[in-house]
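Per the working numbering, the very first residue in the sequence shown carries number 93; after that it's consecutive.
Working notes, beginning with the structure itself.
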Amino acid sequence: MAESETRYRVGGMDCAACATKIDTAVRRVAGVADVSVSVMAGTMTVRHDGSSDLKTIEKKVTGLGYSVAPLAGNAAPAHEHGSQHRHDHGHDHGDHAGHDHDHEGHDHAEKEIEGLHGHDHAPMAGPWWQSRKGRLTILSGAALVAAYAVGHLVPAIASYAFIVAMLIGLVPIARRAVMASLSGTPFSIEMLMTIAAVGAVIINAGEEAATVVFLFLVGELLEGVAAGKARESIQSLTALVPKSALLEDNGQTREVPAESLSVGAIIMVRPGDRISADGIIISGESAIDEAPVTGESTPVRKGVDAVVFAGTVNGDAVLRVRVTAAAADNTIARVVKLVEEAQESKAPTERFIDRFSRYYTPGVVVVAALVAVVPPLLFAGPWGEWVYKGLAILLIGCPCALVISTPAAIAASLSSGARRGLLMKGGAVLETLGKVTMVAFDKTGTLTQGKPQVTDIISFGLSEAQVLSRAAVLEQGSSHPLALAILNRAKADGVPVPPAFELEALPGKGVSGKVGGEALDLLSPPAARERGTLSAEQDARITALNDEGKSVSVLLVNGVAAGLIAMRDEPREDAEAGLAALKSAGVKAVMLTGDNKRTAAAVAGILGIDWRGEMMPEDKQRVVGELKRQGFIVAKVGDGINDAPALAAADIGIAMGGGTDVALETADAAVLHGRVGDVARMIELSKRTMRNILQNITIALGLKAVFLVTTIAGITGLWPAILADTGATVLVTINALRLLRIKI
C-alpha cells in the first residue's frame with residue numbers, strides 16, 4: 093500500500109512531554125508508520141499506510157486532553173471536525189485566514205474532555221484566567237487558601253480541608269495520567285505528580301500535597317504562556333497578509349477576500365496598501381517596503397515585470413499586479429509551512445535527549461523508590477521521613493525542562509531566522525550550519541547581480557553622454573542583457589534617446605541604424621576589426637578591458653570609431669562585506685562558476701576570494717565532493733537551478749534569491765533576499781542556538797542535581813522540588829525565547 097501523510101493542528105500542547113505522549117499514543121494505532129509532533133508549531137504529521145482509521149488517531153489525541161483538527165493540504169477546510177484554532181490559538185493561522193470556523197459540532201466533545209484538557213493554550217487567546225487551565229489554577233489556589241482558613245478556625249478538620257483542596261487540582265491531572273499510561277506513557281509527569289500527591293496524603297503531609305498540586309498547575313500555566321509566545325512569533329507572519337484585495341473585473345475594481353484570488357487575476361494596489369498576493373507588476377513603478385517579509389530595511393524600487401510578495405507594502409504609486417500564487421501557496425504561507433515542518437523534524441541533539449529521557453525518568457522512579465525503602469528497611473530510618481524524600485525525588489525527576497531545552501531553542505531560532513528571510517528546513521540543518529568550515533558560492537546571481545552593468549564609457553572625440561546616447565538609440569526595443577545594461581545606464585544618466593531609423597540587427601556582430609543624418613553601428617570588437625576602423629591604441633584599450641572580464645561594444649559614427657562601452661556583471665553591493673563576515677567567523681570561501689576564466693578571475697580579484705572557472709554543473713558537484721573529502725563541512729550557495737547537483741552534494745545546500753519554488757524545495761536552507769552577508773548570519777544564528785541549547789541543558793540538569801542533593805540531605809521538601817522543576821522549564825523556555833529577539 094502507498095504511504096500517505098496527514099497533517100493535524102493540535103491545540104493545547106505546551107511542553108515536550110505533551111508531544112511525547114501524543115507521539116507514543118498515535119504510534120500504537122494500527123497502520124501508522126511514523127509520527128512527528130511539534131510543540132512550537134502546534135502541529136502533528138502522521139505517515140500511515142492508508143489502512144489507519146483517522147478517527148481513531150483523533151480519538152487518541154482528544155483522549156489525552158488535546159484538541160485536534162486535520163489540515164487539508166495547507167489550508168484547513170472551513171467546517172471541520174474539531175476546528176478549534178480560534179480559541180486554542182487566538183488568531184487565525186493565515187493558511188486558512190478568514191474561513192468561518194464552525195464550532196457547534198465540537199462543543200459536546202469539548203465538554204466531554206473539559207477536565208482532561210490539562211494543557212491549554214488560551215493564554216494566547218486573551219486573558220489567561222479565562223482559559224480552562226487558568227480557571228482550574230485559580231480554583232485550586234482558592235481551595236488552598238480556604239483550606240488554610242478552615243484549618244486555622246477548626247484545626248480538627250484541617251487535614252480533610254487540605255485533601256479536598258488537593259483533589260480539586262489533582263483529579264484532572266490523575267485522569268490525564270491514566271489516559272497517558274493506557275496510551276503507552278506510564279512515566280508521565282502527571283503520573284509522577286499523582287503518586288507524589290497521594291503518597292504525601294498517606295504520610296500525613298496533606299497541606300504540602302495541596303500546595304504542590306497548586307504549584308504544579310501554576311507551572312503548567314506558565315509553560316503554556318511561554319510556549320504560546322514562541323508559537324505566536326512565526327504565526328504572526330501570517331497576519332501580515334491583508335484579508336481583502338481590489339480585483340479588476342471588466343474595467344471595474346471591487347473588493348474581494350484575498351483568499352479568493354485565483355492565479356492570473358489582476359489586482360490594483362494603492363499607495364500605502366499591503367500587497368494581498370504574490371504576483372508580477374504589469375503596470376506602475378513604486379518603492380516596495382519588504383521589511384515585514386524579508387527584513388530588507390530599505391524600500392526596493394520595482395517596476396513592470398518585477399516580482400512582488402504578499403504582505404509587502406506599496407510605497408508611492410498605484411500598481412497593477414497579476415497574481416501568480418493562490419493564498420495557500422504565497423511566499424508567507426510557504427515560509428510558515430516550511431518552518432512548521434522544520435520544527436517537526438528533530439535535530440540530532442533533540443533525538444539524543446529524547447532517548448536519554450526515555451531511560452532517565454524510569455531511572456528516577458527507581459532511585460526515588462530506593463530512597464523511600466532502603467534506609468527504613470536496612471538502617472531503621474523513620475519511614476515517614478524517607479518516603480517523603482522519595483516522593484520529593486519523584487517530582488524532581490520530571491524531564492520536562494530537559495526535553496524542551498532543545499526544541500524550544502530550535503523553534504525560536506527557526507522563527508527568528510524566517511522573520512529575517514533566513515529559512516532553514518529543520519533542526520538538523522540548523523545544527524550543521526554552525527559547523528560549516530567552507531562555503532562554495534556560485535558567481536552569477538549569487539556573488540554578482542546576475543545582470544551586466546555598464547562599467548566604462550570611453551569616447552574618441554565625442555562626450556561620454558553622446559556615446560551613451562547613440563548606443564542607447566540603437567539598442568532600444570532589444571531585450572538582450574547587454575542592450576538592457578546600456579538602456580538602464582542611459583535612463584539613470586538622463587541622456588536623450590531619440591528614435592532611430594533603418595534599425596538593422598547584424599547577427600553575431602551587432603546592430604546598425606541612422607539618427608539625424610548619422611550612420612551608427614554598435615559592434616562587437618571582432619566585427620569592428622573586420623571593418624578596419626580600430627587604431628592600435630583603441631585595440632589595446634579593448635584588450636585591457638577584456639582582461640578585466642568586461643564585454644566591450646564599439647560605437648562607430650559614419651564608419652569611424654567614436655567610443656567604447658564596457659559592461660560586466662558586477663558584484664553585489666554586500667558581497668565583499670558578506671565574505672569578510674565569513675572570514676572573521678573562521679569560515680573559508682570559494683567561488684565556483686561556469687563563466688570564462690578571465691571574468692571569474694576579475695570578479696574574484698575584486699572580492700578577494702579563491703575561484704574555479706569554466707565549470708559545468710557536474711564539475712561543481714565534483715569539487716564539493718573533493719572539499720568534503722579534505723575534511724571540510726561544506727555549504728553550497730547557489731540559485732537553486734543549475735546548482736542543484738552541487739546543492740545536493742554539499743553538507744548544507746543554501747538557495748539564494750527571492751523565494752523561487754525550486755530554491756525553496758531543492759535546498760536545505762534559503763536566503764530569501766539574496767544577500768551574501770545572510771550566509772554568515774545563518775551560521776552565526778546556528779552557533780548562538782547551539783550555545784543556547786547547552787545553557788538550557790545545564791540549567792535543567794543543574795537545578796535537578798542541586799535539589800536532589802538538598803532533598804536527600806533533608807534541607808528541601810516537596811514544594812521546593814516542584815518549584816525546581818517548573819522553574820527550570822520556565823527558565824529554559826524564556827532563555828530559548830531570547831533567540832527571537834536577537835539582532836543578526
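Glycine residues also receive a C-beta, built at the ideal position from the N, C-alpha and C atoms.
All figures in this text were calculated on a predicted structure; none of them were measured in a lab.
Please say whether residue j and residue i have beta carbons closer to each other than 8 Å?
i	j	result
residue 460	residue 430	no
residue 643	residue 544	yes
residue 700	residue 688	no
residue 367	residue 428	no
residue 353	residue 419	yes
residue 336	residue 348	yes
residue 606	residue 592	yes
residue 365	residue 422	no
residue 158	residue 102	yes
residue 550	residue 560	no
residue 674	residue 532	no
residue 515	residue 764	yes
residue 898	residue 243	Only positions 93 to 836 of the chain appear in the structure, and residue 898 is not among them; the question remains open.
residue 725	residue 524	yes
residue 641	residue 693	yes
residue 768	residue 670	yes
residue 824	residue 775	no
residue 770	residue 513	yes
residue 620	residue 653	yes
residue 655	residue 552	yes
residue 437	residue 128	yes
residue 480	residue 297	yes
residue 822	residue 433	no
Considering Cα atoms alone, identify which of the options is closest to residue i.
i	options	result
residue 618	801, 645, 481, 549	645
residue 730	789, 581, 538	538
residue 488	100, 127, 809	809
residue 443	112, 816, 818, 813	112
residue 68	110, 141, 103	In this structure the chain extends from 93 to 836, so residue 68 is not present and cannot be described.
residue 351	343, 345, 344, 339	339
residue 668	651, 535, 228	535
residue 334	401, 374, 377	401
residue 491	291, 467, 797	797
residue 278	629, 156, 362, 317	156
residue 463	800, 819, 817	800
residue 153	116, 144, 133	116
residue 377	666, 110, 411	411
residue 251	295, 736, 362	295
residue 597	609, 588, 614, 587	614
residue 133	163, 146, 118, 453	163
Measure how close the beta-carbons of residue i and residue j come, nearest whole angstrom, since I'm counting them as under 8 Å.
i	j	result
residue 484	residue 828	Between residue 828 and residue 484 the Cβ distance is about 27 Å, and since that is not below 8 Å, they are no contact.
residue 612	residue 648	7 Å
residue 748	residue 723	Not quite, the Cβ-Cβ distance comes to about 25 Å (not below 8 Å), so this is no contact.
residue 832	residue 571	Contact doesn't hold; Cβ gap of about 44 Å is too wide.
residue 289	residue 305	6 Å
residue 332	residue 424	6 Å
residue 439	residue 502	6 Å
residue 404	residue 374	That belief does not hold up - the Cβ atoms of residue 404 and residue 374 are roughly 17 Å apart, past 8 Å.
residue 138	residue 150	Not really, about 10 Å apart at Cβ, beyond 8 Å.
residue 311	residue 818	3 Å
residue 382	residue 392	6 Å
Runs of 3 residues minimum, wholly inside the stretch 304 to 385: which ones carry the beta strand (DSSP E) assignment?
336 to 341, 344 to 349, 358 to 361, 371 to 375, 378 to 381
At 4 residues or longer, and completely inside the stretch 591 to 669: list those alpha helix (DSSP H) runs for me, N to C.
617 to 622, 628 to 639
Segment contact, 8 Å Cβ cut-off, at least three pairs: the stretch 760 to 773 with the stretch 739 to 750
yes
Quick check: the stretch 250 to 270 against the stretch 300 to 320, are at least 3 beta-carbon pairs closer than 8 Å?
yes
Beta strand (DSSP E) segments (min. 3 residues) lying fully within the stretch 734 to 817:
744 to 748, 761 to 763
Cβ contact (3+ pairs, closer than 8 Å) linking the stretch 528 to 542 and the stretch 674 to 685
yes
How about the stretch 772 to 786 and the stretch 274 to 282: do they share at least three Cβ pairs that are nearer than 8 Å?
no
What are the start and end residues of each continuous alpha helix (DSSP H) run of 4 or more residues lying completely inside the stretch 455 to 508, in chain order?
475 to 488
Are three or more beta carbon pairs between the stretch 551 to 570 and the stretch 579 to 588 nearer than 8 Å?
yes
Contiguous beta strand (DSSP E) assignments of at least 3 residues, all confined to the stretch 508 to 596:
514 to 516, 530 to 534, 545 to 551
Under 8 Å: do the stretch 511 to 528 and the stretch 629 to 640 share three or more Cβ pairs, one atom per stretch?
no
Threshold first: 4 residues or longer. Then list the alpha helix (DSSP H) segments lying entirely within the stretch 225 to 282, N to C.
250 to 274
With three or more beta-carbon pairs closer than 8 Å as the criterion, would you say the stretch 800 to 820 touches the stretch 706 to 713?
no
Taking only runs that begin and end inside the stretch 683 to 743, name each unbroken alpha helix (DSSP H) of 4 or more residues, in chain order.
689 to 699, 709 to 721, 736 to 741
Length-filtered (3 minimum) beta strand (DSSP E) runs lying within the stretch 382 to 449:
392 to 394, 411 to 415
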